[in-house]
Amino acid sequence: MYKVLLVSHSGLSKGLLDATEMILGDADGVDYIILDESGIEVFSKKLDEKVEFLTKTSEGLLILADIFGGTPFNQSMIKSQQYENVRVVSGANLQMVIEAVMNRSNNIDEVVENIVSSTKDSIIQGIINKNKELELND
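Per the numbering used here, residue 517 is the first one in the sequence shown, and the count goes up by one each step.
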């Protein structure tokens, strides 16, 4: 089973974990790190410690970062190069986290492929057609 690490600017990753736990209950095997005003060096040190611990206690590690090219993503990519069983995906959102948590017993590479595909498909503009009458099927 792989573990999940959420990384983000400010409190986003904690909020994603809190929301995931509200929906699924306990999200065992999921942790987070935030980049805050303490700076990149502190974030990088915390990332080093978490990745080392989480990779030693699991079959793999899936890091979900908030923004492609942002510091949490970039630092995670650099760190992931030291491990064969670490994968990094950007664009973290609630659906992505839930899918990652619910599929922790599956192959990490298959889960990453599914997460990227399904997350792209889930970005949809909601439209209400105001000119149509509501149809009810009895």
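The beta carbon of each residue, even a glycine, is placed where N, CA and C say it ideally should be.
Model, not experiment: these values are computed from the prediction.
query                                                                                                                                                             : result
For LEU578 and VAL520, which I take to be in contact (beta-carbon distance under 8 Å), what is that distance rounded to the nearest angstrom?                     : 5 Å
Okay, do the region 521–531 and the region 543–550 touch, 3+ Cβ pairs below 8 Å being the bar?                                                                    : yes
Count the other CB atoms, across all protein chains shown, that sit within 10 Å of the CB of ASP544; report buried if there are 16 or more and exposed otherwise. : exposed
Taking the alpha carbon of GLU615 as the point to measure from, which residue in SER529, PHE589, LYS530, THR536 has its own alpha carbon closest?                 : THR536
Could you work out which residue in GLN591, ASN645, VAL628 is closest to VAL558 when comparing CA atoms only?                                                     : GLN591
Hey, which unbroken runs of the beta strand (DSSP E) at 3 residues or more fall wholly within the region 568–649?                                                 : 576–581, 602–605
Anyone know if the C-beta pair for ALA581 and LEU532 falls short of 8 Å?                                                                                          : no
Please classify THR573: is it buried, with 16 or more other beta-carbons within 10 angstroms of its beta-carbon, or exposed?                                      : exposed
Helix, strand or coil for ASP547 per DSSP?                                                                                                                        : strand
Exposed or buried, what is PHE584 when buried is set at 16 or more other beta-carbons lying within 10 Å of its beta-carbon?                                       : exposed
Using DSSP with H/G/I as helix, E/B as strand and the rest coil, what is SER526?                                                                                  : coil
Could you check whether VAL602 and GLY576 sit closer than 8 Å to each other, using their CB atoms as the reference points?                                        : yes
Closest by CA to LYS595, which one among THR571, MET538, MET612, VAL627?                                                                                          : THR571
For ASP552 versus SER526, is the C-beta spacing smaller than 8 Å?                                                                                                 : yes
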